[in-house]
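Please read the structure below before turning to the comments.
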Amino acid sequence: MALVQKLLNGTYILRKCPKASAAFCPSLSFRVADYCSSSLQKSGPAAKKGSWLRKSEGGLQGRHQEEVAVDLPSPEEKPEVSFDRAIEDEVKDHFKRLKDEIVNHWIGPEGRPLHEVMMEQAKVVWQFRGKEDLDKWVVTSDKTIGGRSEVFLKMGKNNQSALLYGTLSSEAPQDGESGRSGYCAMISRIPRGFFERKKTYDWSQFNTLYLRVRGDGRPWMVNIREDTDLIQRKNQMYSYFMFTRGGPYWQNIKIPFSKFFFSNQGRVRDVQHQLLLDKISSIGFTLADKVDGPFFLEIDFIGVFTDPAHTEEFAYENSPELSPRLFK
Amino acid sequence: MSWAQAALLARGLSRGWGGLCGAALRGAPFSQVAALALRGLHRSAAACSSDLSLVPSPPESQRRPVKVLEPHEELFKQAPGGERDKASFVRAVQCFGQQDVRRRGHVDFIYLALRKMREFGVQRDLAVYNLLLDVFPKEVFRPRNVFQRMFVHYPRQQECGVAVLEQMEQHGVMPDTQTEFLLTQIFGRRSYPMLKLVRMKLWLTRFKNVNPFPVPLHLPPDPVDLAKLGLRHMEPDLSARVTVYQMSLPSDPASPEEPAQPHIVGTPVSSAGIQSPDQQAALARHNPARPIFVEGPFSLWLRDKCVYYHILRADLLPPEERDVEEVPEEWSLFYPMQLDLEYARSAWDDSEFDINEVEEGPIFAMCIAGAHDQATLAKWIQGLQETNPALARIPVVFRLAGSAGELLTSSGMEEPPPPRPEAQEEEEVPQRQQQGQG
């Protein structure tokens with residue numbers, strides 16, 4: 023898989039990693055650490071037949087950019103690596119995807135009939151009902167820059183929810199350039215299509231994000247990233263806060279998309295514009311509230327829906343003092 | 006130290022110590038220059054030679070790590086008998102200001118003071134930040150002509166000003182008009198610190214009330230008050246009642262279960278519990294044949310304090326045992342007891358998610374206890390029995406984890422796994438046995 027990817031994408035994956043561990047709090051100034059997502063890992067027939075890529079122990083942990091390549095198989099397992107077979111499987115898989123895409127295009131958007139898509143008012147985008155649902159997410163922490171926070175993701179009770187837990191530590195790494203540290207994040211992987219093409223979500227009919235979570239009272243941040251192919255867009259994201267209440271009751275959090283503010287390279291920008299929903303590539307949850315200690319967040323599902331009572335287009339206006347060019 | 010430095014410089018210049026002058030001209034900080042000068046003094050006193058190359062002597066002790074104090078760190082040193090509080094911090098800052106009217110080394114001093122703020126506990130104090138900004142010499146860093154305006158005038162000082170504001174922002178301190186005036190006086194209106202101030206005024210006000218469940222900035226120091234705050238924070242039902250259960254003092258030698266008391270002898274452990282009327286009614290309806298569980302402890306974070314709570318819950322009834330809700334007969338003719346209005350606009354208005362939500366058993370009460378052991382929680386259950394007499398007939402199972410262990414319940418919440426695995430205790434304490442009733 024790695025070989026195919028490298029053949030096709032060259033240094034694409036290495037340079038423009040879709041899952042940058044974006045700075046959590048928009049007003050912090052340390053550098054954004056890029057790391058490559060584990061999009062190199064794959065479930066499916068290739069993995070089952072002992073592919074070269076192994077899911078490591080904390081398999082959902084994203085890696086630092088230097089460790090992009092294939093990790094070594096553990097000595098106990100004896101993979102039957104047959105180069106030709108692996109390549110064959112990969113190629114078959116990709117052509118299957120191509121076929122699905124072409125066929126789906128004729129059925130309707132995303133393979134569902136048009137009337138169903140148009141009439142839809144509430145859609146579950148990510149649910150956590152099995153291990154394969156967890157594979158769609160990557161967790162990172164400030165370990166990538168040398169910090170001490172830990173974060174893990176696993177299935178919750180009865181396989182009915184996902185539990186993101188760990189310990190936050192705001193001890194800054196002694197590398198001479200980071201002044202602050204202490205963040206953990208869970209980011210969704212970008213869905214891939216034929217030959218690892220990035221697919222985007224189209225939520226233009228919906229206007230509110232719906233999260234059913236159970237937290238421990240800590241404030242989280244929800245970050246949405248749009249199509250990240252352009253270099254300029256690599257570090258841009260739209261964020262908003264998610265305040266958990268704590269307690270044993272499930273919390274339904276509704277965040278309208280008009281509330282998301284724009285930030286680039288970890289800093290909130292003066293020129294604010296609304297989040298456009300037609301090419302969303304990933305969503306992420308970040309915890310960086312500068313309080314050391316263990317945390318957990320249990321997520322039932324994540325959906326989008328149309329709130330007919332919400333008519334606001336964008337919550338933040340631009341001020342002529344900060345962005346005079348907009349008002350010329 | 007300025008007089009000593011001046012004297013040494015004069016001596017250096019008069020005797021022509023090339024090394025010393027070279028160091029001074031290169032811009033080495035004064036402490037280094039003074040150290041070189043001192044060493045030079047000692048050596049020339051012994052030999053009285055005019056060697057122009059000053060070879061610095063190797064450091065004396067290489068074994069133990071010598072903690073070198075930063076230039077003005079001695080101002081922040083704790084006076085014997087004194088404590089680190091706002092007054093001493095303010096005194097240290099004012100002392101620096103009085104030492105030199107030119108405020109030499111003010112940038113480093115301000116960075117040092119920013120680092121020391123947390124120790125003195127003044128990181129959220131606006132007056133202290135204004136005082137710190139006051140350390141900057143005024144009117145010096147304002148650009149005076151178009152070329153100075155074009156380039157970043159005094160970039161290091163502007164960065165320092167931005168760092169002060171950034172720390173304010175980090176701690177959620179809102180700048181006021183005095184801050185603005187100080188920044189205008191120091192840097193001018195079109196400078197980076199001023200820009201940062203404008204941004205802070207905009208974004209901090211925008212996000213001031215963004216938390217739908219606000220927690221007060223100053224948490225109550227009393228643990229019972231904190232527990233009450235935590236319980237109210239968690240419970241969405243506003244008609245829930247908080248009760249505080251006081252434990253008795255362990256002064257009774259006759260009772261054999263005393264050695265398990267978790268607190269300091271003489272201090273009663275109190276716990277606070279919360280229960281809403283709906284939960285009371287649900288507990289009254291609960292089938293006594295099914296046990297209910299006390300689960301915990303789960304963590305709740307209030308700002309930067311973590312409290313642990315326990316819950317009293319029952320398992321979900323299997324579908325066949327769930328009662329159909331009976332429609333009560335209308336006992337009031339003035340208004341209908343049950344309204345079943347269809348608010349959907351038409352047949353295709355479907356804003357339900359196509360997923361089965363996680364179903365869990367009902368929760369009957371919550372408590373934040375002083376200790377996480379069974380004795381304290383048993384007291385809570387006994388206290389609950391006063392308002393819920395039905396609880397006397399229901400068996401209660403205590404499913405307590407260790408200090409923060411993982412629970413092996415079939416349904417319910419989960420704790421982050423601890424570094425050392427704790428065995429789970431499970432004890433059946435049927436209430437009828439405890440009551441000893443016939």
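So the sequences go chain by chain: D and S.
The first sequence begins at 23 in my numbering and counts up one residue at a time.
The second sequence begins at 6 in my numbering and counts up one residue at a time.
Glycine included, C-beta positions come from ideal geometry on N, C-alpha and C.
Cβ-Cβ distance between residue i and residue j below 7 Å
| i | j | result |
| --- | --- | --- |
| F265 (chain D) | N216 (chain S) | yes |
| L319 (chain D) | G237 (chain D) | yes |
| G375 (chain S) | V274 (chain S) | yes |
| V139 (chain D) | I324 (chain D) | no |
| G278 (chain S) | D320 (chain S) | no |
| R398 (chain S) | P293 (chain S) | yes |
| M205 (chain S) | P228 (chain S) | no |
| D6 (chain D) | R214 (chain D) | Beyond the ends of chain D as shown, which are 23 and 350, falls residue 6 (chain D); an answer cannot be given. |
| K256 (chain D) | R211 (chain D) | no |
| V220 (chain S) | L131 (chain S) | no |
| F152 (chain S) | F192 (chain S) | no |
| D309 (chain S) | V293 (chain D) | no |
| A245 (chain S) | I373 (chain S) | no |
| A286 (chain S) | A395 (chain S) | no |
Separation of residue j from residue i, as counted between CA atoms
| i | j | result |
| --- | --- | --- |
| E343 (chain D) | L187 (chain S) | 20 Å |
| H295 (chain D) | Q287 (chain D) | 16 Å |
| V401 (chain S) | Y340 (chain S) | 41 Å |
| Q95 (chain S) | W242 (chain D) | Inspection of the sequence shows that residue 95 (chain S) is occupied by Val rather than by Gln. Distance between the alpha carbons of V95 (chain S) and W242 (chain D) is about 35 Å. |
| E193 (chain D) | G169 (chain D) | 7 Å |
| E75 (chain S) | I316 (chain S) | 52 Å |
| C311 (chain S) | S304 (chain S) | 6 Å |
| F358 (chain S) | Q379 (chain S) | 41 Å |
| G133 (chain D) | E123 (chain D) | 8 Å |
| I386 (chain S) | M371 (chain S) | 10 Å |
| R53 (chain D) | P302 (chain S) | The pLDDT assigned to R53 (chain D) is 40, lower than 50, so where the model puts this residue is not dependable, and the model offers no usable value. |
| D283 (chain S) | L136 (chain D) | 45 Å |
| R103 (chain S) | S93 (chain S) | In the sequence on display, residue 103 (chain S) carries Gln and not Arg. The alpha-carbon atoms of Q103 (chain S) and S93 (chain S) are separated by roughly 15 Å. |
| E300 (chain S) | P330 (chain D) | 40 Å |
| I253 (chain D) | N245 (chain D) | 18 Å |
| S356 (chain S) | F327 (chain D) | 7 Å |
| N393 (chain S) | F212 (chain S) | 43 Å |
| Y134 (chain S) | A168 (chain S) | 11 Å |
| F216 (chain D) | I360 (chain S) | 28 Å |
| K179 (chain D) | Q143 (chain D) | 29 Å |
| I275 (chain D) | D105 (chain S) | 56 Å |
| S341 (chain D) | H158 (chain S) | 25 Å |
| K384 (chain S) | T248 (chain S) | 13 Å |
| L136 (chain S) | L170 (chain S) | 13 Å |
| T184 (chain S) | Q280 (chain S) | 48 Å |
| P2 (chain S) | E79 (chain S) | The structure shown has nothing for residue 2 (chain S), since chain S only spans 6 to 443. |
Own chain partners of residue i with C-beta closer than 7 Å, once the 5 adjacent residues on each side are dropped
| i | result |
| --- | --- |
| R291 (chain D) | F284 and S285 |
| D164 (chain D) | S171, S203, G204 and Y205 |
| F156 (chain S) | none |
| E144 (chain S) | Q190 |
| D311 (chain D) | R240 and P241 |
| N21 (chain D) | The structure shown has nothing for residue 21 (chain D), since chain D only spans 23 to 350. |
| R237 (chain S) | V247 |
| R119 (chain D) | G215 and F216 |
| V178 (chain S) | R129, L131 and Y134 |
Residue i at chain A interface by Cβ criterion, 7 Å
| i | result |
| --- | --- |
| F323 (chain D) | Looking at the structure shown, chain A is missing, and the protein chains on hand are D and S. |
Contacting residues, own chain, Cβ-Cβ under 8 Å from residue i (five flanking each side not counted)
| i | result |
| --- | --- |
| M177 (chain D) | F150, G152, K153, L156, S183, A184 and L185 |
| S260 (chain S) | For S260 (chain S), the predicted structure reports a pLDDT of 43, less than 50, and the residue's modelled location is therefore unreliable. A value from the coordinates is still provided. Cβ within range, chain order: n/a, list empty. |
| R107 (chain S) | P142 |
| Y262 (chain D) | M243, V244, I277, K281, F282 and F283 |
Own chain, CB closer than 6 Å to residue i, minus 5 neighbours either side, in chain order
| i | result |
| --- | --- |
| F173 (chain D) | Note on identity: in this sequence residue 173 (chain D) is Val, with Phe being the wrong assignment. Taken in chain order, the residues that qualify are V161, S163, G188 and C206. |
Going along the chain, which unbroken runs of the alpha helix (DSSP H) with 4 or more residues stay wholly within the stretch 131-207 of chain D?
-> 136-141 and 153-156
Stretch pair the stretch 189-208 of chain D + the stretch 225-232 of chain D: three plus CB contacts closer than 8 Å | no
At a cut of 8 Å, does the stretch 302-316 of chain D reach the stretch 248-261 of chain D through at least three beta carbon pairs?
-> yes
How do the stretch 122-135 of chain S and the stretch 152-167 of chain S stand: do at least 3 beta-carbon pairs fall below 8 Å, yes or no?
-> no
Give a yes or no on contact between the stretch 333-340 of chain D and the stretch 150-157 of chain D, applying the rule of three or more CB pairs nearer than 8 Å.
-> no
Contact between the stretch 216-226 of chain D and the stretch 266-273 of chain D (3+ Cβ pairs under 8 Å) | no
Inside the stretch 338-377 of chain S only - alpha helix (DSSP H) runs reaching at least 4 residues = none
Take every Cβ of the stretch 112-124 of chain S, pair it with every Cβ of the stretch 75-90 of chain S, and state whether three or more of those distances are shorter than 8 Å.
-> yes
Run through the stretch 293-342 of chain D for me and flag every whole beta strand (DSSP E) of 3 or more residues, listed as ranges in chain order.
-> 302-309 and 315-327
Jot down the residue ranges of each uninterrupted alpha helix (DSSP H) in the stretch 108-147 of chain S, minimum 4 residues, whole runs only, in chain order.
-> 111-125 and 131-138
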